[in-house]
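Per UniProt numbering, the sequence shown runs over residues 1 to 870.
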Amino acid sequence: MESPSKRRKKNDSKPTPATHGSLDFFFRKQAQQSLASPSSTSAQDQSKSEQSLSDEELARKLQEEWAREDESQSQRINVGETSASSDSAYRNERDAEESLTDTLAKSDSEAKAVPSEHEKAILGLQSTASDGDAVTLTIPFDQSPLVFNPSTYVPELKRQWAKEGGDALYALLTRCFFLVNSTQSRIKIVDTLVNCLRVIIESDPDSLLPAVWLATNSISPPYISLELGLGGSAISKALKKVCGLDSAGLKTLYDKHGDAGDVAFEAKKRQSFTLRKPKPLSIKSAYQTLVKIANSKGHGSVEQKQRLVERLLQDARGPEESRYIVRTLVQHLRIGAVKTTMLIALARAFQLSRPEGADFPLQDLASLAKLKKDELAAVWSSAEETVKTCFARRPNYNDLVPGLLEVGVSDELLLRCSLALHIPLRPMLGSITRDLSEMLTKLQGRDFSCEYKYDGQRAQVHCDENGKVSIFSRHLEVMTDKYPDLVALVPEIRGDGVSSFILEGEVVAVDRNSGQLKTFQTLTNRARKDVDIGSIQVEVCLFAFDLMYLNGEQLLDRPFRERRALLRSMFIEKEHHFTWVQSIDATSTDSETVLEFFKSATEIKCEGIMVKVLDNLPNPDLLPPGQSPPHTEQLPTPKKSKKSKNAQEKDTEKEKGTRRKALLATYEPDKRLDSWLKVKKDYATSADTIDLIPVAGWHGQGRKAKWWSPILLACRNPATGSLEVVTKCISGFTDKFYQANKEKYEQGGQNTHGKRPSYIEYSAYEPDVWFEPQEVWEMAFADITLSPTYTAAIGLVSEERGLSMRFPRFLRVREDKSIEEASTAEFLAALYRKQEARVKETDNIGAEPRGNGLDADEEGLDNEDDEDHY
Numbered sequence: 001m002e003s004p005s006k007r008r009k010k011n012d013s014k015p016t017p018a019t020h021g022s023l024d025f026f027f028r029k030q031a032q033q034s035l036a037s038p039s040s041t042s043a044q045d046q047s048k049s050e051q052s053l054s055d056e057e058l059a060r061k062l063q064e065e066w067a068r069e070d071e072s073q074s075q076r077i078n079v080g081e082t083s084a085s086s087d088s089a090y091r092n093e094r095d096a097e098e099s100l101t102d103t104l105a106k107s108d109s110e111a112k113a114v115p116s117e118h119e120k121a122i123l124g125l126q127s128t129a130s131d132g133d134a135v136t137l138t139i140p141f142d143q144s145p146l147v148f149n150p151s152t153y154v155p156e157l158k159r160q161w162a163k164e165g166g167d168a169l170y171a172l173l174t175r176c177f178f179l180v181n182s183t184q185s186r187i188k189i190v191d192t193l194v195n196c197l198r199v200i201i202e203s204d205p206d207s208l209l210p211a212v213w214l215a216t217n218s219i220s221p222p223y224i225s226l227e228l229g230l231g232g233s234a235i236s237k238a239l240k241k242v243c244g245l246d247s248a249g250l251k252t253l254y255d256k257h258g259d260a261g262d263v264a265f266e267a268k269k270r271q272s273f274t275l276r277k278p279k280p281l282s283i284k285s286a287y288q289t290l291v292k293i294a295n296s297k298g299h300g301s302v303e304q305k306q307r308l309v310e311r312l313l314q315d316a317r318g319p320e321e322s323r324y325i326v327r328t329l330v331q332h333l334r335i336g337a338v339k340t341t342m343l344i345a346l347a348r349a350f351q352l353s354r355p356e357g358a359d360f361p362l363q364d365l366a367s368l369a370k371l372k373k374d375e376l377a378a379v380w381s382s383a384e385e386t387v388k389t390c391f392a393r394r395p396n397y398n399d400l401v402p403g404l405l406e407v408g409v410s411d412e413l414l415l416r417c418s419l420a421l422h423i424p425l426r427p428m429l430g431s432i433t434r435d436l437s438e439m440l441t442k443l444q445g446r447d448f449s450c451e452y453k454y455d456g457q458r459a460q461v462h463c464d465e466n467g468k469v470s471i472f473s474r475h476l477e478v479m480t481d482k483y484p485d486l487v488a489l490v491p492e493i494r495g496d497g498v499s500s501f502i503l504e505g506e507v508v509a510v511d512r513n514s515g516q517l518k519t520f521q522t523l524t525n526r527a528r529k530d531v532d533i534g535s536i537q538v539e540v541c542l543f544a545f546d547l548m549y550l551n552g553e554q555l556l557d558r559p560f561r562e563r564r565a566l567l568r569s570m571f572i573e574k575e576h577h578f579t580w581v582q583s584i585d586a587t588s589t590d591s592e593t594v595l596e597f598f599k600s601a602t603e604i605k606c607e608g609i610m611v612k613v614l615d616n617l618p619n620p621d622l623l624p625p626g627q628s629p630p631h632t633e634q635l636p637t638p639k640k641s642k643k644s645k646n647a648q649e650k651d652t653e654k655e656k657g658t659r660r661k662a663l664l665a666t667y668e669p670d671k672r673l674d675s676w677l678k679v680k681k682d683y684a685t686s687a688d689t690i691d692l693i694p695v696a697g698w699h700g701q702g703r704k705a706k707w708w709s710p711i712l713l714a715c716r717n718p719a720t721g722s723l724e725v726v727t728k729c730i731s732g733f734t735d736k737f738y739q740a741n742k743e744k745y746e747q748g749g750q751n752t753h754g755k756r757p758s759y760i761e762y763s764a765y766e767p768d769v770w771f772e773p774q775e776v777w778e779m780a781f782a783d784i785t786l787s788p789t790y791t792a793a794i795g796l797v798s799e800e801r802g803l804s805m806r807f808p809r810f811l812r813v814r815e816d817k818s819i820e821e822a823s824t825a826e827f828l829a830a831l832y833r834k835q836e837a838r839v840k841e842t843d844n845i846g847a848e849p850r851g852n853g854l855d856a857d858e859e860g861l862d863n864e865d866d867e868d869h870y
């Protein structure tokens, strides 16, 4: 008698059609428990006849026999009885399940077509989606929050959740994601999120925080190192195991759909039955499992992560849950709910709902329903500004959400989410101005400081009373281990009266002997973590330019002149190690001085200059005769403001009516304002540039048939989280770049999609491949035109047409920018307005757009210069 191992080896080496026999044996054994057993002779004859049937015919025959069995017999193959059986029986059943799914997958592959609905009904034994929550699947989250009433659904949801442990189920989030993903309307997206959050607030507030993390496609803030660390192979293995796919079947699905979540959806939909009833996945358990995956370290962590991923997919009930679980695992949820959208949704939700036991005031729905559109927007805006301010100063939902649950949107929330040491605040950003004359015009009547814009890495340095130092990047990532030399430097630069501080500066690679500045590329050669201070090859200097916190007091509401004075008086310079940014103070009348300063900045390899307003109030001596300074005494900080909302709105209207918007010299976290302007040497040229994201490509023609050419590019719409296609480009590339780009976006690879992702807005000629957005390209162009093809910035300049560019030309890859920093549709519209204003001034053309309103594509001008260099 052969040993089991030899039998397994024989079966592996030479597959036989005995699969049908084993299936028949497995399922017929269930029927034999209540039906009389046929004679052995007839059974053998029947088995032989079934082996001659095709896969589909056999499946149809089995289905007809199962239909004749009574309900109790068919239920014996469900999860409960399977889990109660012996280990040996479970293995047999699992083998049978794999055999059935392999057989159906093989039949489906040979047919090269998805089965019809009738065929699915015949071939399917038990739909995995049949366990869905009927109440959850019908909740109209996309209604207006002024109409939606959570109390209509909360009692029934609680009763159903009580049967499964009491926690809110992941199906609730899935319903929300599905509705959000089904619309491009930002209003609908916000309303859907608001209503979903309200249901969780009123039914299971403990699940709100994990729900927010899951909806924002993250599990921790950037400054806490908690990453899933999953590769594509882990998810592929889990899909194959849980859904019964083989490698060929998985690849076929991925080539067709191009999105891991859509692949999981199709795989789960084709799964005929499960022998183990899925345990309902709750919002808490889904988030906790992700945290466990991220915390799995050391020996055996790969296997542990694999088991956790498989458990998530097993517990996902139905195709939609599988879709969003997998998208969460690959960290591309793609529902258009960006950070700003979530903060808006939270602010509105807590204006309308509160958890049981809380007593903070709510808005009256009846009163809100009577308000006009502008009046309602003002009510929402007040709460949204408070929540955004809190998150900008302490960007962690672990702090924000518990505070909202306890005190709602209130002044108390601002106190709870104020600045804190070793928690980075989101940095203030500068607006782009294209030349010095534009900058001087914007700052007419103001005192300002011009600073060198160094070509380095922005750093936020925290130090507490005990001397502990933390350093954060512009994106709030921890850089303390990258710069141990700066950590060691802090005791030497801190003055006698300084106990704690938060300052901001630029880290620049330098030559310590001469003090000569080096390029950003030199700085990138430095290791990112675990840098040994004794083996540092790239030496740096910190050029400080702002102070936001000193000795336990935040300085955000103080004018820049005062913050700068404290920085320079309370800290000690150390040559070629720590100093201030080079700067001069000037006014709009000092154009020659500013020009010379700009030239000196570019000569020493700086990017240009930063221009910052020094005081909140204009200089009366610089204002034109008869013009009074705007009212800016009240600072726009909720904690400090004593004006009513109506009074603030009136002031805003006054400012809109003046020639120039009132500028404040305060530090405004996470805002891009005209009180900080940047003038870069690249902008000073005659041609403008824009930073776009490559999103798709076509197969080239002739010599370029083996590359992608042309390439489709898009800008960001931060309001909706979508990418809006602007133009396609074939100029400015070298053969070397073409080759590298083709390798990066290999068709069918992890960086490409088979069909257009829902977050990309484009409806013209379908490209051959869609790219995974991951880099930013700087583009030059001749003109910006109104476009009948592209919808980028539609509604900002024209209600019927978007904007595109004539003669786009690739300049370089912006390695210093992430896709979140690519140019926005509003920026594109601003360039168009500036262009038209320039035309009016120089050519006296009036408001008529330049060109004929067509893109390069429509004009037939999309010709390439093969001599361009990368």
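Just so it is clear, CB atoms sit at the ideal spot from N, CA and C, and this is done for glycine as well. Remember, it's a predicted structure, so these values are computed and weren't measured experimentally.
Distance, Cα to Cα, Arg311 vs Asn181?
-> 25 Å
Residue span of the alpha helix (DSSP H) that contains Val540, given as start and end = Val540 -> not in any alpha helix (DSSP H); beta strand (DSSP E) instead, spanning 540-550.
Span of the beta strand (DSSP E), counted from its first residue to its last, around Asn694 = As written in the sequence, residue 694 is Pro, which differs from the Asn given in the question. Segment 689-699, the beta strand (DSSP E) holding Pro694.
What does a CB cutoff of less than 8 Å around Pro221 pick up in its chain, not counting 5 residues either side in sequence?
-> Pro395, Asn396, Tyr397, Asn398, Leu476
State yes or no: is the C-beta of Glu668 within less than 8 Å of the C-beta of Ala825?
-> no
Endpoints, the alpha helix (DSSP H) within which Glu506 is located = Note, Glu506: premise wrong, no alpha helix (DSSP H); beta strand (DSSP E) at 501-509.
Cβ distance (whole Å) where Leu362 is taken to contact Arg354 below 8 Å = 6 Å
Among Glu451, Glu375, Phe472, which has the Cα closest to the Cα of Leu421?
-> Phe472
Could you pull the start and end residues of the beta strand (DSSP E) that Lys453 belongs to?
-> 448-453
Cβ pair count under 8 Å reaching 3, the segment 292-306 against the segment 214-233 = yes
Cβ-based neighbour list, Val379, same chain, cut-off 8 Å, excluding 5 preceding and 5 following | Gln351, Gln363, Leu368, Leu371
Around the Cβ of Thr101, are there at least 16 other Cβ atoms within 10 angstroms (buried) or fewer (exposed)?
-> Residue confidence is low: Thr101 scores 40 on pLDDT, short of 50, so the model does not pin down where it sits. No coordinate-derived value is stated.
Going by beta carbon distance, what residues of the same chain come within less than 8 Å of Ile200, once the five residues before and after it are set aside?
-> Ala168, Leu172, Ser207, Leu208, Ala211, Ile283
Buried/exposed call for residue 874, threshold 16 Cβ in 10 Å | Given a span of 1 to 870 for the chain in the structure shown, any question on residue 874 remains unanswerable.
In the DSSP assignment, find the beta strand (DSSP E) that holds Asn513 and state where it starts and stops.
-> No beta strand (DSSP E) contains Asn513, which DSSP labels as neither H nor E.
Which partner residues does Asn741 have in the DSSP bridge list?
-> Answer is none; Asn741 lacks a bridge partner.
Specify whether the segment 430-443 and the segment 239-256 touch according to this definition: at least 3 beta carbon pairs, one from each stretch, less than 8 Å apart.
-> no
Please report how far the alpha carbon of Gln835 lies from the alpha carbon of Leu828, in whole angstroms.
-> 11 Å
Just to confirm, are Val613 and Phe578 a CB contact at a threshold of 8 Å?
-> no
May I ask you to list the residues that DSSP assigns as paired with Lys680?
-> Gly608
Indicate whether Asp262 and Thr192 have their beta-carbon atoms separated by less than 8 Å.
-> no
What is the residue span of the alpha helix (DSSP H) that Trp380 lies within?
-> 373-393
Which residues mark the beginning and the end of the alpha helix (DSSP H) in which Asn398 is found?
-> 397-407
Residue environment, Asp546, which counts as buried when at least 16 other CB atoms sit within 10 Å | buried
Of the choices Ala740, Phe597, Val326, whose alpha-carbon is the least far from that of Val679?
-> Phe597
Taking buried to mean at least 16 other C-beta atoms within 10 Å of its own C-beta, is Val776 buried or exposed?
-> buried
For Leu413 versus Cys450, is the C-beta spacing smaller than 8 Å?
-> no
Among all the DSSP beta bridges, which residues are the ones paired with Ile344?
-> According to DSSP, Ile344 bridges with nothing at all.
Compare the C-alpha of Met439 against each of Ser722, Asp481, Pro491, Ser588 and name the closest.
-> Ser588
Select from Asp481, Ala764, Gln739 the residue whose C-alpha is nearest the C-alpha of Lys529.
-> Asp481
Under three-state DSSP, which class holds Val573?
-> The identity of residue 573 in the sequence shown is Glu, whereas the question assumes Val. Coil.
Buried or exposed (CB count within 10 angstroms, at least 16 for buried), Gly749 = exposed
Bridge-paired residues (DSSP) for Lys728 = Leu712
In its own chain, which residues sit with a C-beta less than 6 Å from the C-beta of residue 933, not counting the 5 before and 5 after it?
-> Residue numbering for the chain in the displayed model covers 1 to 870; residue 933 lies beyond these limits and cannot be assessed.
Simplified DSSP state of residue 889, which is helix, strand or coil = The displayed coordinates of the chain run from 1 to 870. Any statement about residue 889 would go beyond what the structure contains.
Return the chain-ordered ranges of every beta strand (DSSP E) run that is complete within the segment 286-319 and spans a minimum of 3 residues.
-> none
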